[in-house]
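**Q** Input: one structure, supplied below.
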Amino acid sequence: KQEVTQIPAALSVPEGENLVLNCSFTDSAIYNLQWFRQDPGKGLTSLLLIQSSQREQTSGRLNASLDKSSGRSTLYIAASQPGDSATYLCAVYYINFGNEKLTFGTGTRLTIIP
Amino acid sequence: GAVVSQHPSWVICKSGTSVKIECRSLDFQATTMFWYRQFPKQSLMLMATSNEGSKATYEQGVEKDKFLINHASLTLSTLTVTSAHPEDSSFYICSARGLAGGFQSYEQYFGPGTRLTVT
């Protein structure tokens, strides 16, 4: 069974700092990994999707890396802003008994302090 | 592109009644739709997967007679919570994937969610 863990569960940093969020998964046989943000009481906003053949993706101040062999992904946020405050979720796409699955991590609640 | 909507965005109902939630893909054909549930301060948990025109596949522990899923068209799936009880109160999110540029896309596109409160 695929398990996805995110560390830390919560993180507070001053505005302007760079930060890294971590995601680990137990089964390396994935074909996509995706990072989302979720604001309180809201749905998901897709940030970055990394295909299994890729090692990283970048969008603006965000950079996500993927190391399938070690079962890890990181989301790097540069020059953090108060608007970055949200819960960040990583999710892995994999096949389980012929069925496509998307398993979500436990989330990291990020607070950027002005 | 790849927009998914849900209706309603929130609903309050009395215990024992049934509630229907709609999930629509607005600009693509959704061959597969997924329903997730999220309890407060927890992550999303997959409830069921539905392919257009077929019966839904439910995850272990999800009662198929309580959570009725219909995926009758390539743009609409519905989740009906039957005889709802307070423990069914949760945030329900659907996602869809389908055809993009003539190829099957594996990326799931998520709706904005529906908050259900059962009193």
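The listed protein sequences derive, respectively, from chains Y and V. Residues 1 to 114 (my numbering) make up the first sequence, in order. Residues 1001 to 1119 (my numbering) make up the second sequence, in order. Glycine included, each C-beta is placed from N, C-alpha and C at the ideal position. These numbers come from a predicted model, not from an experiment.
(1) State the Cα-Cα distance for the pair Y/N18 and V/F1067, rounded to the nearest angstrom.
(2) Measure the Cβ-Cβ separation of Y/G107 and V/F1110 and say whether it is below 8 Å.
(3) If the cut is a Cβ gap below 9 Å, which residues of chain Y does V/P1112 touch?
(4) With a CB to CB cut of under 7 Å and the five nearest residues on each side skipped, what residues in its chain are close to V/V1118?
(5) Does the beta-carbon of V/I1069 have 16 or more other beta-carbons within 10 angstroms, so that it is buried, or is it exposed?
(6) Using a Cβ distance threshold of 8 Å, determine whether the segment 1023 to 1035 of chain V contacts the segment 66 to 86 of chain Y, with at least three qualifying pairs required.
(7) For a test of the three-state rule: what should DSSP assign to Y/G83, helix, strand or coil?
(8) For the ligand MN, any of its heavy atoms closer than 7 Å to the Cβ of V/G1098?
(9) Which bits of chain V does Y/F104 rub up against, with CB to CB less than 7 Å?
(10) Using a Cβ-Cβ cut-off of 8 Å, state whether V/T1057 counts as contacting chain Y.
(11) Can you tell me whether V/F1039 is buried or exposed, with buried defined as 16 or more other CB within 10 angstroms of its CB?
(12) If you drop the 5 nearest sequence neighbours on each side, which residues of the same chain put their C-beta closer than 7 Å to that of Y/T5?
(13) What number of angstroms, rounded off, separates the C-alpha of Y/T58 from the C-alpha of Y/T74?
(14) Let me make sure I understand the geometry here. Which of Y/A79, Y/L47 and Y/D27 has the alpha-carbon closest to that of Y/S65?
(15) Going by beta-carbon coordinates alone, are V/E1063 and Y/L49 separated by less than 8 Å?
(16) Count the CB pairs spanning the segment 7 to 17 of chain Y and the segment 1047 to 1064 of chain V that are closer than 8 Å, and state whether there are at least three.
(17) Would you mind telling me which residues of chain Y sit closer than 8 Å to V/Y1106, beta carbon to beta carbon, in chain order?
(18) Taking CB distances under 8 Å as the criterion, tell me whether Y/L89 reaches chain V.
(19) Can you list, in chain order, the residues of its chain with a C-beta nearer than 7 Å to that of V/S1054? Leave out the 5 residues immediately preceding and following it.
**A** The short version:
(1) By one-based count along the first sequence, residue 18 of chain Y stands at place 18. By one-based count along the second sequence, residue 1067 of chain V stands at place 67. Each residue's alpha carbon lies about 43 Å from the other.
(2) The residue given as residue 107 of chain Y occupies position 107 in the first sequence. The residue given as residue 1110 of chain V occupies position 110 in the second sequence. No, they are not a contact pair.
(3) Sequence index remark: in the second sequence, residue 1112 of chain V carries index 112 (1-based). Within 9 Å Cβ-Cβ: K42, G43 and L44.
(4) In the second sequence, the residue the question calls residue 1118 of chain V occupies position 118. Within its own chain, the residues whose Cβ lies closer than 7 Å to the Cβ of V/V1118, once the five positions on either side in sequence are excluded, are C1013, S1015, A1084, H1085, P1086, D1088 and S1089, listed in chain order.
(5) Working through the second sequence from its first residue, we reach residue 1069 of chain V at position 69. Its Cβ being crowded by 16 or more others within 10 Å, V/I1069 is buried.
(6) no
(7) In the first sequence, the residue the question calls residue 83 of chain Y occupies position 83. Of the three classes helix, strand and coil, the one that applies to Y/G83 here is helix, per DSSP.
(8) Ligands are entirely absent from the displayed structure, and the ligand MN is therefore not among its contents.
(9) What you label residue 104 of chain Y is simply residue 104 of the first sequence in a count that begins at 1. Residues of chain V passing the Cβ test: S1043 and L1044.
(10) For the purposes of this step, residue 1057 of chain V is taken as residue 57 along the second sequence, with counting starting at 1. Closer than 8 Å: yes.
(11) Start at 1 with the first residue of the second sequence, and residue 1039 of chain V comes out as number 39. By the neighbour-count rule (16 or more Cβ atoms within 10 Å), V/F1039 is not buried but exposed.
(12) Position 5 of the first sequence, counted from the first residue, corresponds to residue 5 of chain Y. Correct list, in chain order: S24, G105 and T106.
(13) Taking the first sequence and counting its residues from 1, the one referred to as residue 58 of chain Y is at position 58. Taking the first sequence and counting its residues from 1, the one referred to as residue 74 of chain Y is at position 74. Computed Cα separation, rounded: 12 Å.
(14) What you label residue 65 of chain Y is simply residue 65 of the first sequence in a count that begins at 1. Nearest option by C-alpha distance: Y/L47.
(15) For this step, residue 1063 of chain V is matched to residue 63 along the second sequence. For this step, residue 49 of chain Y is matched to residue 49 along the first sequence. Not in contact: V/E1063 and Y/L49 (Cβ atoms no closer than 8 Å).
(16) no
(17) Along the second sequence, read from residue 1 onward, the residue named residue 1106 of chain V stands at position 106. Those are Y31, N32, Y93 and E100, listed as they occur along chain Y.
(18) What you label residue 89 of chain Y is simply residue 89 of the first sequence in a count that begins at 1. In terms of beta-carbon proximity, Y/L89 lines the interface with chain V, with at least one pair separated by less than 8 Å.
(19) The count along the second sequence starts at 1 and reaches residue 1054 of chain V at position 54. Here V/S1054 has no same chain residue with a Cβ atom under 7 Å from its own Cβ, once five neighbours each way along the sequence are excluded.
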